Amino acid sequence: MSASIRKIAVHVEETHIEIGRAITPATRKAVAVAVIENPFAGRYEEDLSPLIEIGSELGELLGRKCVEALGIAPEEAESYGKSAMVGENGELEHAAAILHPKLGAPLRKEVEKGAALVPSSKKMGSPGQVLDVPLGHKDAAYVRSHFDGIEIRLNDAPRANEILVAVAVTDSGRPLPRVGGLTHEDAEGNDGLR
Amino acid sequence: MPEPTLRKTAFAVEEIFHEGGPVPENSLKRAAGIAVIENPFAGRYEPDIQWFMEDLKPLGLSMAQRLIDLLGGPTQIEGYGKGAMIGEAGELEHGALWHAPGGYAMRQLLDNSNAIVPSTKKVVGVGGRLDVPITHINASYVRSHFDAMEVGLSDAPKAGEMALVLAMSTGPRIHDRAGGLAAAEIEGRDGLR
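Protein chains in written order, with our numbering: chain W, 1100 to 1293; chain A, 7 to 199.
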C-alpha cells in the first residue's frame, strides 16, 4: 500500500548562539513530516500490515528530506529520531505500526549505518498539537552529547482521519554539551550502544 | 555597519498535495524563514531607532535568497509575506523596522514584484506563534493567492530578542475556487490588479 500524502513539511534549525556563546559551526537539526490519510480511521482493524508498509516508505522519504535539507552527505548525519501523532479517529497502535516494524531500515540507508536504536515517541493528537521527536546518536546510543529533541507542529494536522509522521536528523549534538559521558569522538559505533 | 546578533535561524518548507479535494497537477509549496536576533533597543525607550534598518538589510537578503532556493528559484515564487515577533522587553515599534529591509529584500530578488508585501507583527512571550499573511507578488487583489503560514519556535523570542520572518509561496491555495481577480488576468502595473 502506498501512503496517501496530503502534505509534507520540512523544518531546519540552526543555533548560532546559546546563552551568549557563539556556536561554531552552528548546530543543525532537521525534521520532516508527512501528513497521511489513516486507512483505518473510525474502525478496529486487526491486520495493520498496510501501515507497516507505509512506515517503510516514509522512513526513506522523510529521512532523505532531512538529509537534503541539511545539505549533508548521508554519513555526516549524527543523530536521529522518529515520532507519530494519530488523529482522533485512529488509535495509538496505528502509530506503532508505522514506526516500529519497518521504518528504521530505510531510514538507516538514508543516513548511512545507523547502528543505534532510533528513539521514538507517539501520541494521539489534533491539528496544532506539538509533537516532540526524541533524538539520539545514530551509531552509539550512549553518546550523551547527542541526547536531544526537536519539536514539530502543523496548525492544520493531524485532522481526525489523518496521521502525522515525523523523522528528525541532525549533523550535530547539543550546542554546549558538558555533562560528560561517552563522546561522539570516542564512540565505536559497532554495537549500537557505545 | 554592524551585523545584527543572530542567535538562531529556522526555515520551514511545506508541500501541499491536496486538502480533501481533487489532487491538482501542481502541488503548492510554502516556505518561511525565522531569524532570532538580539533586540538592540530592549528594556528602554529609544527615540532614534531607524539606523537599525540599514543593519538588517544583509539579513533580509540572505533570508530571501534562501527561501527562493528552497522553493526552486525566483520564477517559482508567486506569493510573499513578512512579519515580526518582538520579545517582551521590546515594543511593537521595533518590529516595524523589518518592513523595509525584509520587504525590499524579497522584491529586489524577484522580478515583477510590484505588490506591497503584506505583514503582521506582535509582542509575544517565548513560544509565541505568528500567522504570516501571504499575497500575490505582483497584484495584491489576486484572490487565489491570499494565504498565510503559521510560524514559531518553542524557545524564541526571549525577552531581549526579535524573531524576524519572511514567507513565500509558489502558487494559489490548493483548491482555490473563491473567484475574484485571477493571476492570469492581472495587468501588473500598479501592484494591485
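Using N, Cα and C, we set each Cβ at its ideal position, and we do this for glycine too. In this text, all values refer to a predicted model and were calculated from it rather than measured experimentally.
Cut-off 7 Å between Cβ atoms - residues of its own chain near residue i, not counting five sequence neighbours on either side
i, result
"A/L73", "A37, G39, L172 and M174"
"A/P30", "I180"
"A/G194", "N118, N120, N144 and A145"
Check whether residue i and residue j have beta carbons under 8 Å apart
i, j, result
"W/I1251", "W/V1130", "yes"
"W/E1187", "W/A1259", "yes"
"A/I83", "A/N45", "no"
"W/D1270", "W/I1122", "no"
"W/P1173", "W/E1136", "no"
"A/A136", "A/G166", "First, the residue type needs correcting, since residue 136 of chain A is Leu and not Ala in the sequence shown. Contact: no."
"A/L67", "A/A16", "no"
"W/A1239", "W/G1288", "yes"
"W/S1101", "W/E1156", "yes"
"W/L1150", "W/A1133", "no"
"W/G1189", "W/A1140", "yes"
Alpha-carbon spacing of residue i relative to residue j, whole angstroms
i, j, result
"W/Y1143", "A/D196", "58 Å"
"A/P163", "A/G134", "8 Å"
"W/H1115", "W/L1169", "15 Å"
"A/R149", "A/Y86", "14 Å"
"A/T176", "A/P139", "14 Å"
"A/M168", "W/P1274", "21 Å"
"W/R1127", "A/T11", "18 Å"
"W/G1162", "W/G1279", "29 Å"
"W/H1283", "W/M1223", "34 Å"
"A/D54", "A/R13", "24 Å"
"A/A190", "A/H151", "12 Å"
"A/G26", "A/G185", "19 Å"
Same chain only: Cβ atoms within 6 Å of residue i, ignoring 5 sequence neighbours per side
i, result
"W/P1218", "G1180, P1233 and G1235"
"A/A18", "A38"
"W/G1213", "R1207 and K1237"
"A/R124", "Looking at the sequence provided, one finds Pro at residue 124 of chain A rather than Arg. Hits under 6 Å: G87, P139 and T141."
"W/K1164", "V1109 and A1131"
"W/V1185", "H1193, A1194, M1223 and I1262"
"W/G1272", "S1244 and H1245"
Supposed close pair residue i, residue j - CB separation, criterion 8 Å
i, j, result
"A/P28", "A/D61", "Not a contact, Cβ separation roughly 48 Å."
"A/L104", "A/A95", "For the sequence presented, residue 104 of chain A should be read as Trp rather than Leu. Not confirmed; about 17 Å, so no contact."
"A/L98", "A/Q71", "Going by Cβ atoms, the distance from A/L98 to A/Q71 rounds to 28 Å, so no, they are not a contact pair."
"W/L1230", "W/S1182", "5 Å"
"W/L1216", "W/G1158", "With a Cβ gap of about 14 Å, W/L1216 and W/G1158 do not count as contacting."
"A/K127", "A/A154", "That belief does not hold up - the Cβ atoms of A/K127 and A/A154 are roughly 14 Å apart, past 8 Å."
Cβ-based neighbour list, residue i, same chain, cut-off 8 Å, excluding 5 preceding and 5 following
i, result
"A/L198", "A121, A145, S146 and Y147"
"W/L1077", "Since the displayed chain W opens at 1100 and closes at 1293, residue 1077 of chain W lies outside it and no answer follows."
Residue i: contacting residues in chain C (beta-carbon distance under 7 Å)
i, result
"A/A173", "Considering every chain present, this structure includes no chain C. Its protein chains are W and A."
Check your understanding: Is it true that the region 7 to 23 of chain A meets the region 1105 to 1120 of chain W, where meeting means three or more beta-carbon pairs spaced less than 8 Å apart?
Key -> By the C-beta criterion, the region 7 to 23 of chain A is judged to be in contact with the region 1105 to 1120 of chain W, since at least 3 inter-stretch pairs fall below 8 Å.
Check your understanding: Contact between the region 1240 to 1257 of chain W and the region 1195 to 1213 of chain W: three or more CB pairs below 8 Å?
Key -> Segments in contact, no.
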